[in-house]
Structures are given as C-alpha cells and as structure tokens.
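Everything on this sheet refers to the single structure shown next.
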Amino acid sequence: MSSLAWIDFDEAERQRSQRIMALFQERETRDELGLGAIRDSIADHLFPGTSTIQTRLRYMLFIPWLYRDLEKRDVPEAQLRTQAREAEIRLADALKAGGESNGIIGRDAGPRLQRLPSSVYWAGLGAWGIRVFPGSLDSLFVALRRRGRSHVTSSNEEVMAGAQAPTVWNPALPQMPSDLLDRAVFHLTAEEAQFLIDRLVASQPSSLLTMLAREGIDADCDQIWTHPHLAAFPVAARRLVQHGEIFSHLMHGAALLYNLALSELRQRDDWIDTYRERLEAWSDELDLGAVRAWSLDDFWNVVEHPAHAVRPAAKRFVTEWRELVLAGTEQVVSSPAGRQLVEERERRLKTSQSRYANHAVRDRWTGASGAERLSFRWAQAKSHLRDLANAE
C-alpha cells in the first residue's frame, strides 16, 4: 500500500499534503491529463472553501459545535480523539432520527466510517473564517492535550504556555442545539444563515459565492455559465466564468479522446461507440469562434491562485490542444496528432502506471475517467446557496 509522510515542521505543507491525499478518494477529482491545478484554481476563486465531497451546508456548524463541546473536556489526547469520532458518528444517526436521508456523511457506514465530516469540512471552515485555529485537526488535538496536561507540569513557564486554551472558533458562532446528537436536521435557522453569510463577506469578500450568498440568489442551472444572473456578476467573476466555460468545453474533448483510446485498447465496442458519439456531439457544440478569440495570456493571469501552481507542462498541453482543435475538430479524432498529444501527456504524468503502457492497470479500468465536463464545484456551491436561501 502506498503512503505519504512528512516531517512535521511546516503546517501549511502538512495541510497541503493532506488535501492531496484526500483528492485520491474523490471520484470527481480524477485528473488523468494533469489539469487539476487549473480546475481547482478556478473553483477556489469562484467558490472558496468548497470541495467535491461536501454535502450540506449545516456541517459548517455541526463540526464547530461538536468540537467546541469536546474542547471543554480535560481528557488525554487519545481519549479526546475517540470521543470526537464517536460524536461525528452519532451525528449521522441523529440526522436520520431527524428525518434526513440525503447528504448524511456516514449514513450507511456507521462505525466503519473512514472519512469523517470534520476532515471533509476542515479546510472550508478555515477559508470561511469560522475556524480561527490555523492548524490541522491533528495539531488541534495536540494543542488541547497540552492545555489539558498543564496542571501536572512542574515548570512555571510550561504552565503559562499550556494553560491558555487555543482559540479555535469564531466567537460569533451560534449556540449548539441542546439535542443535536439526538435529533438533527440540515435546515438552517435565519440566525445561522446570517452567521455563515457574514463569515463569507468578512473572509472572502470578492468571491462569486459571497456575492450570490449575500444577495440570496438561488438558481437551478447545471453550469455556472448558464446562470440566469450571469450579467449581474461582478466583472472579475464574470470574466473568470467566461474563461472557465471555454476551458471546460475545449479540454472536455481531450478527456473524451483519452477515454476513446482506452476503450479501443480494451477492445470494447460498446464503449468505443459511446465515446465516438460523445466526441461528435462535443465537436458540434464547440464554439470555435470563441476558442479562436480566447486569450490564453489573460486566462493564465486570472486563474493564478496562491494555493495552486500551474506547471509549464500543463500550459503547453492546453496550448497545443487548442491549436489542434482550431485546425479542425474532425481531425482531432481521426488524425494521429491529437491521440499522440493525449497519450504523451498521460504517460508523462503516470509513468509506470500509465494505462497506455501498463496492461494490468488498463485491465482494471472500468470505462470512464474524467469523462464529464469540468464544473468547478458549482454543484456544491449551488447546494450551499439553496440551503442559505431556504433558511428561516
């Protein structure tokens, strides 16, 4: 089994490593052609604090409530960790008791739950200013352990350092319902919704998510670029959405071609027919005029994000794919150039695990990898906005 370890010196790098590890478990984040940094840069600009495995918005309150209650307990670190896990598992049962069925993390897994809600929402809690403690969950447990053992230290200096409890949550956090672990619902109260909006305004004032939350805009559209209020978006957000639309549609063709090539290598006629049909539809729908007018220099400028480094190789791949498409979408499928570009990109990224080169890896392929258009976490943002709009 592969593993990832780090020296515990740099908390920012530690958290970045944890995010990378988490991505391997997220089905929608499969990044076969190395476009993940671009995708995530756009998503983090538009919808900061979201992730593809978030479900309902009230988890942004459930986690602080549970942990604020746990922080009052003066118990050893191992016991605190156990109690935290038990509380999060009990929360799933409480949500079922409250009549909820969709969006419950751990609904079916119960005590076997691997990915706790706290790990799913921890980064978002920090991005929204709900969590003010700067470290990871692990470092929080360590900090609370130091506080808990301060009464047995012999050094006055250690007592002074350990006696101060870490500030973890925003002081304006609403009060936890007294029966939270007996019966819980996803429905937000008006006070809770306003707290979440206030945190967004304070911590992410320029994001599109903040604007939509503040204005109470809830729209049921499949993609952010089809939003009925697109014309009212802030100029910078509208510019990024327009870039995102072209990038998503253009690079979707490369993803479909990759899946077609693997289907051919697997000699699966049903998959081959499906991907040929999808590529034909992609070609028919692609606005070549928009692709031709698309400024890549402007695109790279607007997608730049401190948390995501877009490597030169990724930029070259996007540029070369765009040039091939502009030469004729029909030739992308039929000529060797498009297939060669996609294959070389995947081989460089995956090396010995390339599905082109490794028969065992290819034989485990189930017929779809990154075959849907990039949506930049609009589905999760849309769900959160709906929860805010329905608060009362």
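Basically the working numbering = 1-based index in the sequence shown + 12. All C-beta atoms, glycine included, are put in the ideal place defined by N, C-alpha and C.
Can you name, in chain order, every residue of its own chain whose Cβ lies under 8 Å from the Cβ of residue i, other than the five neighbours on each side?
| i | result |
| --- | --- |
| leucine 268 | Tyr287, Arg290, Leu291, Trp294 and Ala383 |
| arginine 143 | Pro76, Trp134, Leu137, Val180, Trp181 and Asn182 |
| tyrosine 71 | Ile117, Pro129, Val132 and Tyr133 |
| glycine 228 | Leu400 and Ala401 |
| aspartate 210 | Ala184 |
| aspartate 56 | His317, Ala319 and His320 |
| threonine 341 | Gly265, Trp294, Ser295, Leu298 and Leu300 |
| proline 178 | Phe145, Leu152, Ala155, Leu156 and Arg159 |
| arginine 80 | Val180, Trp181, Leu185 and Met188 |
| arginine 280 | Gly379 |
| alanine 214 | Gly141 |
| arginine 334 | Leu262, Val303, Trp306 and Leu308 |
Can you give me the Cβ contacts of residue i inside the same chain, cut-off strictly under 7 Å, excluding the 5 residues immediately before and after it?
| i | result |
| --- | --- |
| leucine 274 | Arg367, Arg374 and Trp377 |
| lysine 327 | Trp312 |
| glutamate 169 | With a pLDDT of only 47 at glutamate 169, under 50, the local geometry of the prediction cannot be trusted, and no value is derived from it. |
| valine 344 | Gly265, Leu269, Leu336, Val337 and Gly350 |
| threonine 67 | Gly115 and Ile117 |
| asparagine 370 | Ser364 |
| threonine 201 | Ala403 |
Go to residue i, then tell me how far its alpha helix (DSSP H) extends in each direction, as first and last residue.
| i | result |
| --- | --- |
| lysine 327 | 324-338 |
| proline 348 | 348-362 |
| histidine 371 | 371-375 |
| glycine 301 | 300-305 |
| valine 314 | 308-315 |
| asparagine 271 | 247-277 |
| serine 215 | 202-215 |
| serine 131 | 129-139 |
| aspartate 232 | Where aspartate 232 is concerned, there is no enclosing alpha helix (DSSP H), given that its DSSP letter is neither H nor E. |
| tyrosine 79 | 71-82 |
Against chain B, with Cβ distances strictly below 8 Å, would residue i count as a contact?
| i | result |
| --- | --- |
| serine 346 | The chain inventory of the structure shown lacks chain B, comprising one protein chain alone. |
Return yes when the Cβ of residue j is within less than 8 Å of the Cβ of residue i, no when it is not.
| i | j | result |
| --- | --- | --- |
| leucine 45 | phenylalanine 329 | yes |
| leucine 128 | arginine 97 | yes |
| leucine 212 | tryptophan 134 | no |
| valine 315 | valine 322 | yes |
| leucine 149 | serine 131 | yes |
| glutamate 83 | valine 154 | no |
| tryptophan 237 | glycine 256 | yes |
| serine 113 | glutamine 392 | no |
| serine 347 | arginine 42 | no |
| leucine 252 | leucine 58 | yes |
| alanine 405 | leucine 78 | Past the boundaries of the shown model lies residue 405; the chain is included only from 13 to 404, so the question cannot be answered. |
| leucine 300 | leucine 272 | no |
| valine 303 | leucine 242 | no |
| tryptophan 283 | glycine 379 | yes |
| leucine 308 | glutamate 332 | no |
When you compare only the Cα positions, how much space is there between residue i and residue j?
| i | j | result |
| --- | --- | --- |
| aspartate 105 | aspartate 194 | 8 Å |
| leucine 386 | valine 247 | 22 Å |
| alanine 442 | isoleucine 258 | A question about residue 442 goes unanswered here, because the residues of the chain that appear run from 13 up to 404. |
| isoleucine 101 | alanine 121 | 9 Å |
| serine 190 | serine 395 | 26 Å |
| alanine 403 | leucine 361 | 45 Å |
| serine 364 | leucine 220 | 40 Å |
| tryptophan 493 | leucine 73 | Outside the displayed range of the chain (13 to 404) lies residue 493, so it cannot be described from this structure. |
| glutamine 37 | aspartate 52 | Interpretation of glutamine 37 is limited by its pLDDT of 40, a score under 50 that renders its predicted location unreliable; the figure taken from the coordinates is listed afterwards. For glutamine 37 and aspartate 52, the distance between alpha carbons rounds to 16 Å. |
| arginine 278 | tyrosine 270 | 12 Å |
| leucine 208 | glutamine 216 | 11 Å |
| arginine 351 | glutamine 126 | 38 Å |
| arginine 359 | glycine 111 | 48 Å |
| arginine 119 | threonine 222 | 30 Å |
| proline 407 | glutamate 276 | In the structure as shown, the chain begins at 13 and stops at 404. Residue 407 is therefore absent and cannot be evaluated. |
| serine 166 | threonine 94 | Any answer about serine 166 is weak, because its pLDDT of 41 lies below 50 and its placement is not dependable; what the coordinates show is given next. Cα to Cα, the separation comes out at about 28 Å. |
| serine 260 | glutamine 254 | 10 Å |
| glutamate 203 | alanine 244 | 27 Å |
| alanine 325 | aspartate 310 | 18 Å |
| leucine 103 | arginine 357 | 44 Å |
| leucine 192 | aspartate 285 | 51 Å |
| glutamine 91 | isoleucine 54 | 40 Å |
| histidine 199 | leucine 47 | 36 Å |
By Cβ distance, which residues of its chain are closer than 6 Å to residue i, with the 5 residues on each side in sequence left out?
| i | result |
| --- | --- |
| alanine 34 | With a pLDDT of only 45 at alanine 34, under the threshold of 50, the placement of this residue in the model should not be trusted, and no figure is reported. |
| leucine 12 | What is shown of the chain runs 13 to 404, which leaves residue 12 out entirely. |
| leucine 107 | Ile116 and Ala196 |
| tryptophan 390 | Ile236 |
| alanine 249 | Leu220 |
| cysteine 233 | His239 |
| proline 60 | Ala139, Gln216 and Ser219 |
| glutamate 355 | Tyr368 |
| alanine 109 | Arg195 |
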